[in-house]
Every structure is written in structure tokens, then in C-alpha cells.
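Reviewing the structure listed below.
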Amino acid sequence: MRPAICWFRRDLRLSDNPALSAAAHQGRPVIAVYIHSPEEAGPWAEGAASRWWLHHSLQALGAALQAQGISLQIHRGPALNALQTLIRETDAEAVHWNRLYDPAIIERDRAIKAQLQADGIEVSSHNAALLREPWTVKTGTGGPYRAFTPFWRAAQRESTPAQPLPIPPLTGPALNSPLHVDDLALLPTIRWDTDFPAYWQPGEAGAQARLHAFVEQPVHRYDTDRDFPAINGTSGLSAHLHFGEISPRQIWHAAPAHESDDVKTFLAEIGWREFAHHVLFHHPSFPDEPLNPRFADFPWADDPDHQLLKAWQRGNTGIPLVDAGMRELWHTGWMHNRVRMVVGSFLVKNLRLPWQQGEAWFWDTLVDADLASNSLGWQWVAGSGADAAPYFRIFNPIRQSERFDAEGAYIARWIPELSRLPAKHRHAPFEAPADVLAKAGVTLGVHYPWPIVDLKASRQAALAAFAKIKKSPA
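Mapping to numbering that gives the first Met the number 0: the sequence shown position 36 is 35, numbers consecutive.
Okay, structure coming up:
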């Protein structure tokens, strides 16, 4: 039988991989290929932290395929040229891939499919990334949803997600890959990633290990523990999901009985990811432009030389919960979701800097940077997106810290210069008595910065700015 090509993209796993199973159908020889073509993703090619993850995930995939008896072929783009070359060299008769939903990739894949079919090649694309593809969930009038709750309710009315596919039996020709993972130069030249291996195990095995550890215990306290950044109460599966090292179907069927509030809340987070892809598919400009057109004229603050933005990026705002989150992001490539909302609100509403600047920084520094989820999250915080937070919801980072990190453990971990302060003063050291600061060895402006903005005044300025656009015509 002539071989079939399985084109791996962000589906870097062997189990529950529809494209791989289809390529191996009836014992056909399989050629596994990864094509590195970041330029084809347009402005949203992988950021630095994502490239670190991709490097290690490709290594893990190559080892897993080798254990099954076939090798991972690594090529550079353009993707169409690489596929045509591989087809000529191997006499392959079919190409299979799993669909992606980023606007630039959709356009590219359509062109590739049309050309390969014109070349006489069988081409099939499959769903491996979502429970419900973006165009399958519709309102009563046949349109897309703009609010999560009715979307998720409608999505769950469909049939139960199919059981995950096993790893198919694999055979393939003996081929030497033209490139190795190291040739892609995905790792940083200045090694800011030294802490990452302590937190992450990229690859399918790491994804499965994290899933099983989560459903064993933490999921049963998820409804409450997920809000506390000092507690290991979340699944940590977001990067594994983004790179397709695990599928939402595998997560769905691994979760305990779905009747408990904890499990329902956890699965709703999978639903939020589905909603993000739904919104992006129907609004391709969503990563760059506000969904609510009123917000296009929002009066952003001046930030000469980006000094406010840089202080936020580096975790030097003088607001401990914000700074702890930004430092966690830098050291681990990840940030707790509750804190993501707080740091996002602080950037957009207290500093009044454009949400696109925060979106871009997260894109470069998050290992789980996902175009759909990142865009939805930032437009939610800004109040301009689908099912967004109301404009008057401005998180108070001190109150959030007192409520969800009462002992200041999260702050102490990521801002060690404040760890000797009594817990009640870690949330707002600028309000602590001078003798308390002195006893803890903290001099504001030396060991830790004064706040770069007054929270109360900046809140009032934000509300005034939002009120202006609220009155403007849509």
C-alpha cells in the first residue's frame, strides 16, 4: 500500500489523534511530519515561552513515535512546498491533518487542501482539538453566540463526546529526517527558561500524568480551591491542551461523575475554551480589534517611553498581588487564572493602557498562549469582548489579595523581599506603619517600589473614561 502522511501541528500526541488513526487505517504505512512555518501564522506565530514548550513537546513526540517504529520527519515551510516534496519522495497518496482555527491558519489550510487535491492527492482534515467545532453550535436563529452560558448550555445538549481513540498500530518506511528539533532554534539564546523544567513536563506523557493527578484529588475541591493562587487547585492542563498533547475528549471522559459542582465547574472551564474558539472563528479580527466597536475610541492614558507598561511587565508596580502574578509568569511561563484577571484589570483600568499590550506580553511569556483564549480573556477584562465583564467592574488588587491570599503566602513566594512582613501588611506594604516596615527590613522605594498609581484615583478616572464611550453611538 502507498503511504499516507500524518501532518502533526498542534496535536502532538498519539492517542485520540483522528488524523493519525485515519492515516494508519487498514494498516497503511504512515509518514509522520512536523513542518515549522511560523511565518504562515501571521503576527501570531508562537511567542518565546511557547517555542520553549514546542521544542520539548516535539522531542517527546519524536521519542513516542520512535517507540512505535516510525520516525518524525521535521521540515521547514512553506508547508505546501514541504508536503509536495515529501509526497514526491515517498509516493504518498494521502495527507491527513487535524484542524486548527486561527484565522491565518484556516486560510492557509484551505489553499493547501485545494492544491493537493488538484495534484490528485487524497486530503482529509479532522477534529482533534474541540468537543464542538465552532460552526456546529448555533443560536435559535442560526447565528453565533456572544455569551458563554447559553453557548455552553447549547453545546451540552448535543450528544456526549465520543470515547477517545486508542493509539493505532503504526508502520512506516525507514526515513531520515532532514532536520532535527535543535535545528529549529526554538530555545532562547539567553537562558531565561532555567526554572521551567521544575514546573512542566511537555509531551503526551506529561499531560496524562497531570490529568490523572488532578482527577485523583484536586478536582473534588475545584469549585473553591481554584480561586486561591497559593493552593495547587487547578489542573495545569492549559498548555498541554494548546499543543494538543491531550484532547478535551480525554479530559471529559477522565473526569469523575459529572454531577458534582466541582466537576461541573471544571468542565465549564473546558467549555470556556470552546467558547473562545467559537468567538474567534466567527470574529477573525477579535485578537486585534474590540468586539464592541464603542471601545475603539477609548481614551487610553499616555505612557511616555512605556514606563508604566515596563513596570507592569517586570512586576514592579508596587501593588503586591499584581507584582507576584507578573513574577510568577516570568519564572514559570504561567499565571494563576484569578491573578490573570487582577493583573489584566490593573493594566487596562488602573493604568488605562490598551488591552492589546497586555495580550501581546502574555502571548510572548505564557507557555499556554492560545490565540482564542488569550484574546477572549483580555477582551473580557477590558469589557469590550463577548460576555465581557461590565465596564464598572474594576478589581481592587488589595481586596482580592486579602480575600484569596489571606496569609500572603502567594505574595511571599514571588516577592521574597516582603516575606518578613506580617501577613496582614503584605497586601499593601505602603499602608504599613514605618516601624513594621523597618523591622521587616523593607524600605519602600529601595527594596520594593511605591505604587506607580493611586488605586482609588485611577479607578475613578477609568470609570469616567468608560462613561464617555458608553454614551457614544455604537
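A virtual CB, placed ideally from N, CA and C, is assigned to each residue, including glycine.
Alpha helix (DSSP H) runs contained entirely in the stretch 5-70, provided each spans 4 or more residues: 17-22, 47-66
Alpha helix (DSSP H) runs contained entirely in the stretch 165-190, provided each spans 4 or more residues: none
Span of the beta strand (DSSP E), counted from its first residue to its last, around Val122: 121-125
Contact belief for Phe294 with Ala381 at Cβ below 8 angstroms, rounded distance in angstroms: About 7 angstroms separates the two Cβ atoms, so the contact holds.
Exposed unless 16 or more other CB atoms sit within 10 angstroms - verdict on Ala127: buried
Pair within 8 angstroms by beta-carbon distance, Leu240 and Tyr100: no
8 angstroms Cβ cutoff met for His125 and Arg98: yes
Inter-residue spacing [alpha-carbon to alpha-carbon] between Ala411 and Glu92: Near 59 angstroms, if we compare the C-alpha coordinates of Glu92 and Ala411.
Residues near Ala464 by beta carbon distance below 6 angstroms, same chain, minus five either side: For Ala464, same chain residues with a beta-carbon under 6 angstroms away, outside a window of 5 residues either side, are Pro298 in chain order.
Cα-Cα separation between Arg392 and Ser123, rounded to whole angstroms: 46 angstroms
Segment contact flag, the stretch 234-251 with the stretch 190-197, C-beta cutoff 8 angstroms, min 3 pairs: The stretch 234-251, when compared against the stretch 190-197, does not touch it at the 8 angstroms Cβ threshold.
In DSSP terms, what Leu279 is bridged to: Note: Leu279 sits in no beta bridge, so no partner.
Residues near Ala405 in its chain [Cβ-Cβ closer than 8 angstroms; skip 5 each side]: Ala422
Exposure label - His24; buried when at least 16 CB within 10 Å: exposed
Host alpha helix (DSSP H) of Val452 (start-end): Careful: Val452 lies outside any alpha helix (DSSP H) and carries neither H nor E.
Counterpart residues of Val94 in DSSP-defined beta bridges: Paired residue(s): Ile4, Val122.
Distance between His95 and Leu164 (C-alpha atoms, nearest Å): Cα to Cα, the separation comes out at about 16 angstroms.
Per-residue burial, Val445 [other beta carbons within 10 Å of its own, 16 or more giving buried]: exposed
Leu60 versus Gly68: straight-line alpha-carbon distance, rounded: 12 angstroms
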